[in-house]
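Residue numbers (our numbering): 140 to 238. Note that the Cβ used here is the ideal one computed from N, Cα and C, for glycine as well. None of the values given here were measured: they were computed from a predicted structure. The next block holds one structure in the form of structure tokens; read it before the comments.
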Amino acid sequence: MKDVARVAIILRAMMKTADRLTTDSDEVNGKKRAFFVYLFELTWKMLGAMLLPLFIGIYIDSSRDSGQAFSLAGFFVGLVLSILVLRAFVQKISGDHKG
């Protein structure tokens, strides 16, 4: 039961982090960022959203010798988080380039 509570706390923290990652400032020294900067930002956010839950699941599985249940759960949680980050990122880019 402790592992489930730990995973719930970690997932809550990851959702808050994903929200913060997509709401940062778009201007640096009064200038808009270049598009490649957005792509670089998207790359590391997607890697973090996808790989962090997977590695947490692998760590829990290796410490308990319990198969691969947490690893698979971490993979699917990472997949969902990466889709959410991608969706927020696309909305942010489309909102920036409309006006």
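Go ahead and pull the three-state DSSP assignment for D204. Counted from its first residue, the sequence shown places residue 204 at position 65. Here DSSP, grouped into helix, strand and coil, assigns D204 to coil.
Taking just the CA atoms, how far does D142 sit from I148? Here residue 148 refers to the residue found at position 9 when the sequence shown is read from its first residue. Here residue 142 refers to the residue found at position 3 when the sequence shown is read from its first residue. Per the coordinates, the alpha-carbon of I148 lies some 10 Å from the alpha-carbon of D142.
Please determine, among V229, F179, M189 and V176, the residue with the shortest C-alpha to C-alpha distance to S221. Here residue 221 refers to the residue found at position 82 of the sequence shown. Shortest Cα-Cα distance from S221 to any of V229, F179, M189 and V176 involves M189.
Within the same chain, show all residues whose beta-carbon is closer than 7 Å to that of L181, passing over the 5 residues directly before and after it, in chain order. In the sequence shown, residue 181 corresponds to position 42, counting from 1. Excluding residues within five positions, the ones whose Cβ falls inside 7 Å are F228.
Quick one: is S201 buried, meaning 16 or more other Cβ sit within 10 Å of its Cβ, or exposed? The sequence position of residue 201 within the sequence shown is 62, counting from 1. With fewer than 16 Cβ atoms within 10 Å of its Cβ, S201 is classed as exposed.
Short Cβ contact (9 Å threshold) for L191 with G217: Indexing the sequence shown from 1 puts residue 191 at position 52. Indexing the sequence shown from 1 puts residue 217 at position 78. It is a contact, given that the beta carbons lie within the stated cut-off.
Just verifying my parser: in three-state terms, what is the DSSP assignment at G238? Counting from one through the sequence shown, the residue named residue 238 turns up at place 99. Model confidence at G238 stands at a pLDDT of 44, short of 50, so the residue's coordinates are unreliable; what they give is reported in the following sentence. Three-state result, G238: coil.
For G238, is the classification buried or exposed, using 16 other Cβ atoms within 10 angstroms of its Cβ as the cut-off for buried? Position 99 of the sequence shown holds residue 238. Low confidence applies to G238: its pLDDT is 44, below 50, so where it sits in the model is not reliable enough to give any reading.
Cα-Cα separation between A212 and I199, rounded to whole angstroms: For the purposes of this step, residue 212 is taken as residue 73 along the sequence shown, with counting starting at 1. For the purposes of this step, residue 199 is taken as residue 60 along the sequence shown, with counting starting at 1. A212 and I199: Cα-Cα distance of roughly 11 Å.
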